[in-house]
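Per UniProt numbering: the sequence shown = residues 1 to 485.
We put the beta carbon where it would ideally sit given N, CA and C, even for glycine.
Please read these numbers as outputs of a predicted model, since none were measured by experiment.
What follows is a single structure, written as structure tokens, with notes after it.
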Amino acid sequence: MTFMNVGLNHFQQNLINKYTRLLNSNVEQAATGKRINRAVDDPAVLQVSTRLSSNVTSTKMAIQNVNSGMSLMKVADGTLSQVQEMLQHVRELAIKGSNSTYTPDQKQSIQNEMNLTLNSINKLAENTSYNGISLFAGGTGATVSGDSVANQRIKISGIPVNTAAGAKTTVEFWMKWDGTLGTEKPFGWNNQYDLGFQGTVNPAFGFNTGNQNILGVQSVGMANTWVHVAAVFTNGLPDSNNVELYLNGEKQAIQDMVPGYPTTSSRTVTDTIYIGGWGNDNNYDFGGSIDDLRIWDGARTQSQIQSEMTSSLSGNEKNLLGYWTFDDASLKDETKNGNNGQFINGASLGSGISQGIRVHTDTTAGSSDNIGLYNLSTQSLNLNNISLDDPDLVNKIDNALNSVGTQRTSLGAKMNVFNFKLNDLNSSLSVQEKSLENMVGANMVEVSSEMSKNQLQLETTNKMLSKDLKYSQEKMDIILKSLKK
Numbered sequence: 001m002t003f004m005n006v007g008l009n010h011f012q013q014n015l016i017n018k019y020t021r022l023l024n025s026n027v028e029q030a031a032t033g034k035r036i037n038r039a040v041d042d043p044a045v046l047q048v049s050t051r052l053s054s055n056v057t058s059t060k061m062a063i064q065n066v067n068s069g070m071s072l073m074k075v076a077d078g079t080l081s082q083v084q085e086m087l088q089h090v091r092e093l094a095i096k097g098s099n100s101t102y103t104p105d106q107k108q109s110i111q112n113e114m115n116l117t118l119n120s121i122n123k124l125a126e127n128t129s130y131n132g133i134s135l136f137a138g139g140t141g142a143t144v145s146g147d148s149v150a151n152q153r154i155k156i157s158g159i160p161v162n163t164a165a166g167a168k169t170t171v172e173f174w175m176k177w178d179g180t181l182g183t184e185k186p187f188g189w190n191n192q193y194d195l196g197f198q199g200t201v202n203p204a205f206g207f208n209t210g211n212q213n214i215l216g217v218q219s220v221g222m223a224n225t226w227v228h229v230a231a232v233f234t235n236g237l238p239d240s241n242n243v244e245l246y247l248n249g250e251k252q253a254i255q256d257m258v259p260g261y262p263t264t265s266s267r268t269v270t271d272t273i274y275i276g277g278w279g280n281d282n283n284y285d286f287g288g289s290i291d292d293l294r295i296w297d298g299a300r301t302q303s304q305i306q307s308e309m310t311s312s313l314s315g316n317e318k319n320l321l322g323y324w325t326f327d328d329a330s331l332k333d334e335t336k337n338g339n340n341g342q343f344i345n346g347a348s349l350g351s352g353i354s355q356g357i358r359v360h361t362d363t364t365a366g367s368s369d370n371i372g373l374y375n376l377s378t379q380s381l382n383l384n385n386i387s388l389d390d391p392d393l394v395n396k397i398d399n400a401l402n403s404v405g406t407q408r409t410s411l412g413a414k415m416n417v418f419n420f421k422l423n424d425l426n427s428s429l430s431v432q433e434k435s436l437e438n439m440v441g442a443n444m445v446e447v448s449s450e451m452s453k454n455q456l457q458l459e460t461t462n463k464m465l466s467k468d469l470k471y472s473q474e475k476m477d478i479i480l481k482s483l484k485k
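This is the structure in structure tokens:
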């Protein structure tokens, strides 16, 4: 009987330990609101929930990043809006000052007001910042600079272009032409298929196939201002149906621009390009600067061009065959193809036009968007030291207005992209948090019920053990008394 009591007591003690452990788990679940608080609770689910919890944290950070990017773009857009208003005022003053009814002193007053307004633009460009990041004070990169006399250019070989008949290749770059009239080639495919300027009486810019022809548009207004060029080359005979030219993101209505020299030669892109001239021939050197060159396999759409023309790239984009920012003398190709350029006859690097602010907008590595911003100084806008006596003054101001307007358009498009991204991230976060809650969240009704049950079991077992111990003690007392007799 004694051994039976010892066995029962041991069994009851195990029950007490069991219900105490379960009750402690119930209390912890009620306190944390989680069904799983340590690995022993459910190892398999814990592994999945840990990964999902990490995704929730990453998504929240991506949302914070996108909101920061939106705030930055709102600051930038506010500055651009002010600059537009100032340039409009400068334009009004330029038109007012061109009136011959004003005396020299009155014209000087107009000139002084114009100078003060332009100085205000420079101050805005210098002082506009977000979280300590200067937005418009200057480009972080460089450009390829040459002139229209020396044979200065860059050569790049090994580009994996598609040379099959009918295949298309898109070339994009920023260009600041010095306005020298004549025949100049800012870009070319190894002496065969080029983009160039032609003519002095009716100057034009567009596609050239080596026969003094230009399939393009008039070059009026392109001088001394940064222009984004995007050209879709087609292997074969170029015509207005199979090649495309975009200037500042707008598709151009191209046509044969040189009388007597129609486009009649069939050409193909090559694996070698020249920037700033036509092969080794020094008769066609480009006077100006080139920045941010990109070569793509296939035809880029207008929306693709507009959405990325002011943004930096990662170098890993689909169909990107080559990407050169010209940020240093290595002329590095930012793609995995690694086709770095080489200087020819003293080409140099000058001041860059654009800067990219990278915003990580996703939860995976490398998923980021770039906010492209121009240098807004009057020097970059080609409005330094302008005078009312300049007959081309209004055109220069209009070019500056176009540059600022283009940037606002691109910024607006990027803000729309960020809004869509923000909606997508918020939706994803809601789904992830709900899944995580279903996976690890405690059902408080069930927890309360289990807690009551386990507490009752513990109390009952304690009472049973206490009763058995009391019964055993009474029996022991009887035995001891009998022995004393």
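Can you tell which of Pro186, Asn67, Glu113, Lys107 has its C-alpha closest to the C-alpha of Leu293?
On the sequence shown, position 293 is the one that residue 293 refers to. Closest option to Leu293, Cα to Cα, is Pro186.
Glu308 lies in the alpha helix (DSSP H); which residues open and close that run?
To locate residue 308, count along the sequence shown from 1; it is residue 308. Looking at the DSSP string, the run of the alpha helix (DSSP H) that includes Glu308 is 302–308.
For Asn119, which option in Ile254, Thr263, Ser377, Asn402 has the closest C-alpha, if you only look at C-alpha atoms?
Looking up residue 119 in the sequence shown gives position 119. Out of Ile254, Thr263, Ser377, Asn402, Ser377 has the C-alpha closest to the C-alpha of Asn119.
Per DSSP, the bridge partner or partners of Thr234
In the sequence shown, counting from the first residue as 1, residue 234 sits at position 234. Answer is Lys168, bridged to Thr234.
Since Asp285 and Gly277 are thought to touch, with beta carbons under 8 Å apart, how far apart are those beta carbons, to the nearest angstrom?
The residue labelled residue 285 in the question sits at position 285 within the sequence shown. The residue labelled residue 277 in the question sits at position 277 within the sequence shown. Indeed, because the Cβ distance is near 5 Å, the residues count as touching under 8 Å.
So Glu184 and Gly287 are supposed to be a Cβ contact under 8 Å. How far apart are they, rounded?
Taking the first residue of the sequence shown as 1, we reach residue 184 at position 184. Taking the first residue of the sequence shown as 1, we reach residue 287 at position 287. With a Cβ gap of about 6 Å, Glu184 and Gly287 count as contacting.
Taking Cβ to Cβ, would you say Asn235 is nearer than 8 Å to Ala167?
As a position in the sequence shown, residue 235 is number 235, starting the count at 1. As a position in the sequence shown, residue 167 is number 167, starting the count at 1. Result yes, Cβ atoms of Asn235 and Ala167 sit closer than 8 Å.
Counting C-beta neighbours from all protein chains within 10 Å, is the total for Asp390 16 or more, i.e. buried, or is it exposed?
As a position in the sequence shown, residue 390 is number 390, starting the count at 1. By the 10 Å Cβ count, Asp390 comes out exposed.
With burial defined as no fewer than 16 other Cβ atoms inside 10 Å of the residue's Cβ, what is the status of Asn339: buried or exposed?
Sequence index remark: in the sequence shown, residue 339 carries index 339 (1-based). By the 16-neighbour rule on beta-carbons within 10 angstroms, Asn339 is buried.
Buried or exposed: where does Phe420 fall if 16 or more other Cβ atoms within 10 Å of its Cβ makes it buried?
What you label residue 420 is simply residue 420 of the sequence shown in a count that begins at 1. That one is exposed.
Pick helix, strand or coil for Gly141, following the three-state DSSP scheme.
By one-based count along the sequence shown, residue 141 stands at place 141. With a pLDDT of 46 at Gly141, under the threshold of 50, the modelled position of this residue cannot be trusted, and the question is left open.
How about Leu321 and Val217: are their beta carbons less than 8 Å apart?
As a position in the sequence shown, residue 321 is number 321, starting the count at 1. As a position in the sequence shown, residue 217 is number 217, starting the count at 1. Cβ distance not < 8 Å, so Leu321 and Val217 don't count as in contact.
Compute the Euclidean distance between the alpha carbons of Asn248 and Thr406, then round it to the nearest angstrom.
Indexing the sequence shown from 1 puts residue 248 at position 248. Indexing the sequence shown from 1 puts residue 406 at position 406. Going from the Cα of Asn248 to the Cα of Thr406 covers about 7 Å.
On the DSSP letters alone, give me the boundaries of the alpha helix (DSSP H) that Asp105 sits inside.
The residue given as residue 105 occupies position 105 in the sequence shown. Here the alpha helix (DSSP H) through Asp105 covers 104–127.
Classify Met257 as helix, strand or coil using the three-state DSSP reduction.
Your numbering for residue 257 matches position 257 in the sequence shown. Note: Met257 maps to coil in three-state DSSP.
My output table needs one value for Leu388: the three-state DSSP class, helix, strand or coil.
As a working note, residue 388 is residue 388 in the sequence shown. Assigned with DSSP and collapsed to three states, Leu388 falls in coil, not helix or strand.
Report the rounded CA-to-CA distance for Ala204 versus Leu195, giving the unit in angstroms.
Within the sequence shown, the letter at position 204 stands for residue 204. Within the sequence shown, the letter at position 195 stands for residue 195. For Ala204 and Leu195, the distance between alpha carbons rounds to 11 Å.
What's the call for Pro238, buried or exposed, on a 16-neighbour Cβ count within 10 Å?
Walking along the sequence shown from the start, residue 238 turns up at place 238. Per the 10 Å Cβ criterion, buried.
Residue closest to Arg267, alpha-carbon to alpha-carbon, out of Gly69, Asn211, Lys251, Asn224
In the sequence shown, counting from the first residue as 1, residue 267 sits at position 267. Distance from the Cα of Arg267 is smallest, within the candidate group Gly69, Asn211, Lys251, Asn224, for Asn211.
Go ahead and pull the three-state DSSP assignment for Met175.
By one-based count along the sequence shown, residue 175 stands at place 175. Three-state DSSP puts Met175 in a strand.
Which residues share a DSSP beta bridge with Arg408?
Within the sequence shown, numbered from 1, the residue matching residue 408 stands at position 408. Answer is none; Arg408 lacks a bridge partner.
Contact under 8 Å by Cβ, Leu313 with Val66:
As a first step, residue 313 is located in the sequence shown; it is residue number 313 there, counting from the start. As a first step, residue 66 is located in the sequence shown; it is residue number 66 there, counting from the start. Remark: C-beta atoms of Leu313 and Val66 do not approach each other more closely than 8 Å.
Could you check the C-alpha separation between Ala165 and Thr128 for me, to the nearest Å?
Within the sequence shown, residue 165 is the residue found at index 165, counting from 1. Within the sequence shown, residue 128 is the residue found at index 128, counting from 1. Using only the alpha carbons, I get a separation of about 50 Å.
Helix, strand or coil for Ile214, going by three-state DSSP, please let me know.
For the purposes of this step, residue 214 is taken as the residue at position 214 of the sequence shown. Coil.
Own chain partners of Ser265 with C-beta closer than 6 Å, once the 5 adjacent residues on each side are dropped:
Residue mapping note: residue 265 aligns to position 265 of the sequence shown, counting from 1. Cβ neighbours of Ser265 beyond the five flanking positions: Thr209, Asn211.
Alpha carbon of Gln111 to alpha carbon of Tyr193, nearest angstrom:
Working through the sequence shown from its first residue, we reach residue 111 at position 111. Working through the sequence shown from its first residue, we reach residue 193 at position 193. Rounded to whole angstroms, Gln111 to Tyr193 spans 46 Å at the Cα level.
Quick one: Cα of Gly412 to Cα of Leu245, how far?
Sequence index remark: in the sequence shown, residue 412 carries index 412 (1-based). Sequence index remark: in the sequence shown, residue 245 carries index 245 (1-based). Between Gly412 and Leu245, the C-alpha separation is close to 23 Å.
Compute the distance between the beta-carbons of Val404 and Leu72, then report whether it is under 8 Å.
Against the sequence shown, residue 404 aligns to sequence position 404. Against the sequence shown, residue 72 aligns to sequence position 72. The beta carbons of Val404 and Leu72 sit no closer together than 8 Å.
Exposed or buried, what is Gly158 when buried is set at 16 or more other beta-carbons lying within 10 Å of its beta-carbon?
Here residue 158 is taken as the residue at index 158 of the sequence shown, counted from 1. It counts as exposed.
Determine the DSSP secondary structure at Glu450, reduced to helix, strand or coil.
Taking the first residue of the sequence shown as position 1, residue 450 is located at position 450. Note: Glu450 maps to helix in three-state DSSP.
Taking contact to mean 3 or more Cβ pairs, one atom from each stretch, closer than 8 Å, check whether the segment 426–433 and the segment 98–117 are in contact.
no
Per DSSP, what kind of secondary structure is Gly97 in: helix, strand or coil?
Within the sequence shown, numbered from 1, the residue matching residue 97 stands at position 97. Gly97: helix per DSSP, three-state reduction.
Let me know the secondary structure DSSP gives Ala413 once reduced to three states.
Locating residue 413 in the sequence shown gives position 413, where the first residue counts as 1. In the structure shown, Ala413 adopts helical secondary structure according to DSSP, grouped into three states.
By the DSSP assignment, the beta strand (DSSP E) with Gln198 in it spans what residues?
Here residue 198 refers to the residue found at position 198 when the sequence shown is read from its first residue. It spans 193–198 - the beta strand (DSSP E) in which Gln198 sits, taken as one unbroken run.
For Asp292, is the beta carbon positioned less than 7 Å from some heavy atom of the ligand HEM?
The ligand content of the structure shown is nil, which means the ligand HEM is not present either.
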